[in-house]
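The opening residue of the sequence shown carries number 0 in numbering that gives the first Met the number 0; numbering runs sequentially from there.
For glycine and all other residues, C-beta sits at the position ideal for the given N, C-alpha and C.
One structure is given below, encoded as structure tokens.
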Amino acid sequence: MPDGIFVPPGGGEESPDPIGYPQRAKATGADTANGYTLHEMMKPPGEGPPVHVHPDMEEAFYVLEGEFTFTVGQEEIVAPAGSFLLVPRGVLHGFRNSGGADGRYLRLFSPAPSEQLGRVWEALGGRVRAARERSEGTTHEIFNREVGRPQGNTG
């Protein structure tokens with residue numbers, strides 16, 4: 000489709016996200032002239048990234064299935080299926096699947112993350128995955144050990 004993008008149900012390239020959970024690309028930076036990326040994401044119960052910040056990107060979430068609890072600044076928001084959340088640049092945020100089953104959501108970054116930032120995320124994700132495989136704690140605990148409190152340099 001030369002004048003647009005069409006991704007059928009279940010379509011899009013599947014790959015693990017930086018911490019090893021499934022994600023499916025719906026629109027990549029290459030598709031959007033680096034304007035944004037859109038991925039369908041999955042997190043099992045209790046999982047998700049701890050509080051962090053993206054100084055140069057907005058991050059938006061649309062919950063498809065399940066329930067997620069978001070921390071945005073000092074506020075905690077419970078978001079069931081059908082909820083939308085936009086986190087502006089520079090705002091501390093984190094989330095976890097607070098439901099009892101796997102949860103799915105759409106995640107949009109704008110602008111699209113740079114290739115360099117993708118490599119940084121992949122390296123951090125590799126350390127988190129390895130520590131999780133060694134049963135060294137939850138994703139939240141491992142991230143906090145690996146990077147400490149967010150310093151505004153996580154993209």
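8 Å Cβ cutoff met for residue i and residue j
| i | j | result |
| --- | --- | --- |
| P43 | D101 | yes |
| I76 | F83 | no |
| A24 | E12 | yes |
| S113 | Y35 | no |
| G37 | L105 | A small fix is needed here, since residue 37 is Leu in this sequence, not Gly. Yes. Within cutoff. |
| L107 | A59 | yes |
| V62 | H92 | no |
Extent of the continuous beta strand (DSSP E) run through residue i
| i | result |
| --- | --- |
| M41 | 36 to 42 |
| E57 | 57 to 64 |
| P15 | 13 to 15 |
| A24 | 21 to 26 |
| L84 | 83 to 86 |
| R133 | No beta strand (DSSP E) contains R133, which DSSP labels as neither H nor E. |
Member of the options whose CA lies at the smallest distance from the CA of residue i
| i | options | result |
| --- | --- | --- |
| F81 | G9, S97, R103, L91 | The residue you asked about is not Phe; residue 81 is Gly in the sequence shown. The residue with the shortest Cα to Cα distance from G81 is R103. |
| G98 | P87, S134, E46, V127 | E46 |
| A78 | P8, R95, A130 | R95 |
| Y20 | E66, G3, M40 | M40 |
| G53 | V127, A111, E132 | For the sequence presented, residue 53 should be read as His rather than Gly. Of the candidates V127, A111, E132, the one whose C-alpha sits nearest the C-alpha of H53 is A111. |
| R88 | G3, G65, M56, S14 | M56 |
| A130 | H51, F5, I18 | I18 |
| G9 | E135, D16, Q22, H51 | Q22 |
| P7 | D16, A26, S14, P15 | A26 |
Heavy atom of the ligand FMN within 7 Å of residue i beta-carbon
| i | result |
| --- | --- |
| Q73 | No copy of the ligand FMN appears in this structure; indeed no ligand is present at all. |
Beta-bridge partners of residue i, as assigned by DSSP
| i | result |
| --- | --- |
| P75 | A quick correction: the sequence has Glu, not Pro, at residue 75. Partner(s): T70. |
| R106 | H38, F60 |
| N96 | F67 |
| R51 | The identity of residue 51 in the sequence shown is His, whereas the question assumes Arg. Beta-bridge pairing links H51 to H92. |
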